[in-house]
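Just so you know, we're using this note's numbering here: the sequence shown kicks off at 6 and counts up by one.
C-beta: ideal position from N, C-alpha, C; glycine also.
The structure appears right after this line, and notes come after that.
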Amino acid sequence: VSEFTNQEVIVFETAQTLMVLLPVLFSFAGIACASSIFYRIKLKEPLDALKQGIVHIADNDLSFSISYQKQDELGQLCGAFETMRRELLDNSRRMWALLDERKKINASISHDLRTPITVIKGYSEYLDRNIGKDILTADGTREIAGYIHEAASRLEDYANSVHEVQTLEDMSLDYKEIALPDLMKEMQTQLSILSEQHQTNIHFSANLPERTASLAPAAVFRIVENIVSNALRYCKSKIDLDFSYSQPFLTITVTDDGKGFSDRDRAEAAGCFYKGRKEKGHFGIGLTICKILAKKHGGELFLDNAPGSGARVTVKLKSGKISP
């Protein structure tokens, strides 16, 4: 080195420095290039999809979908995000359906409460105007008081019905392991009382395996009793009650020999406080209760007409794990 010129020394020292620095620089450059390529190939598409999804959710728009289908870690993340989006969409639809149902309930309440309120108000004003006058006899006053009491009782019963529907929507079901043939026998015993009271023949048929099912007995009995009670109101002489099981659903079908459902009945009969025929003594919540309990039991309620004539109500209830 002592024989190098100053310029050669500078070149030599520069070369030594580059021998140390260039591998490091090449390593960082390689990492940067590899990262950039990896980002464009593997990360850009799923990350852009997730960013767009977040923007849509922030704007309350759940109609989009994430179509990234690769089975890597980001694909699993996108799949989880898509599952979350569908759940949010389903919850949103259920919420709007519930709000719509609430609006219908409120409209129905306003309509059905109008008559008893008018009766109470009218007779109260009549008593106020004629108090102390000869026109109000003891018998007449007693009769008016009876009308007011009847209207007030109807208001009380209606309020209890509204409370019952709201309570059912919030309740949880108590599932138990129950033998399906035993369920049928107990149901037949209880409904025989209704059959005797209404002098109507209730014919039972069942295709149930010798198994147990995880069901909520209280909900099942209430559903059947409500449907049969509703059928007894419209049948002519008989009701057919059929039980069948196809894993995981217990299917209950009630058919009467009445006039059947009209088109409007099929569309609205399971709604709150719907009465196809203007009858006194009930508020049209029987099928509503059945529909609420069926949904809580993982099933559904269907309305149609049997071939020939007569209304047919079918309820499917989802059971838990079946044991031999």
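query	result
Contacting residues, own chain, Cβ-Cβ under 6 Å from His287 (five flanking each side not counted)	Because His287 carries a pLDDT of 48, less than 50, the predicted location of this residue cannot be relied on, and no value is offered for it.
For Ile198: DSSP bridge partner residues	Paired residue(s): none; Ile198 is not in a bridge.
Residues bridged to Glu305 [DSSP beta-bridge criterion]	Lys321
Inter-stretch contact at 8 Å, needing at least 3 Cβ pairs: the region 248-265 / the region 201-214	yes
Secondary structure of Ile207, DSSP reduced to three states	strand
Inter-residue Cα distance where the pair is Ala150 and Asp139	17 Å
DSSP state of Phe254 mapped onto helix, strand, coil	strand
Exposed unless 16 or more other CB atoms sit within 10 angstroms - verdict on Lys283	At Lys283 the pLDDT is 47, less than 50, meaning the model places this residue with poor confidence and gives no usable figure here.
Segments of 4+ residues assigned as alpha helix (DSSP H) that fall wholly inside the region 143-188	143-175
Straight-line Cα distance separating Ile244 from Lys264	13 Å
Three-state secondary structure (DSSP) of Asp133	helix
Member of Thr319, Ala311, Gln202 whose CA lies at the smallest distance from the CA of Ser249	Thr319
Span of the alpha helix (DSSP H) around Arg63	Going by the sequence as given, residue 63 is Ala instead of Arg. Run containing Ala63: 49-63, per the alpha helix (DSSP H) assignment.
Those residues which DSSP pairs with Asn310 across a bridge	Ala316
Coarse secondary structure for Leu67, derived from DSSP in three states	coil
Collapsed DSSP secondary structure at Ile140 in the structure displayed	coil
Run of the beta strand (DSSP E) containing Leu30, from where it starts to where it stops	Per DSSP, Leu30 belongs to no beta strand (DSSP E); it is in the alpha helix (DSSP H), 11-43.
Spatial distance of Ile125 from Asp144 (CA atoms)	18 Å
Rounded C-alpha distance that separates Ser72 from Ala37	29 Å
Residue closest to Gln76, alpha-carbon to alpha-carbon, out of Leu118, Glu191, Lys47	Lys47
CA-to-CA distance, Val259 to Asp223, given in whole angstroms	According to the sequence shown, residue 223 is Ala rather than Asp. Straight-line Cα distance between these residues: approximately 18 Å.
8 Å Cβ cutoff met for Arg227 and Leu160	no
Contact belief for Ala236 with Ala316 at Cβ below 8 Å, rounded distance in angstroms	7 Å
For Ser234, three-class secondary structure by DSSP	helix
Inter-residue Cα distance where the pair is Ser324 and Thr217	10 Å
Spatial distance of Phe69 from His61 (CA atoms)	7 Å
Phe248 - DSSP class collapsed to helix/strand/coil	strand
Distance between Tyr239 and Trp101 (C-alpha atoms, nearest Å)	33 Å
Cβ-Cβ distance between Leu173 and Val233 below 8 Å	no
Cβ separation of Asp262 and Ser314, assumed to be a contact under 8 Å, to the nearest whole Å	7 Å
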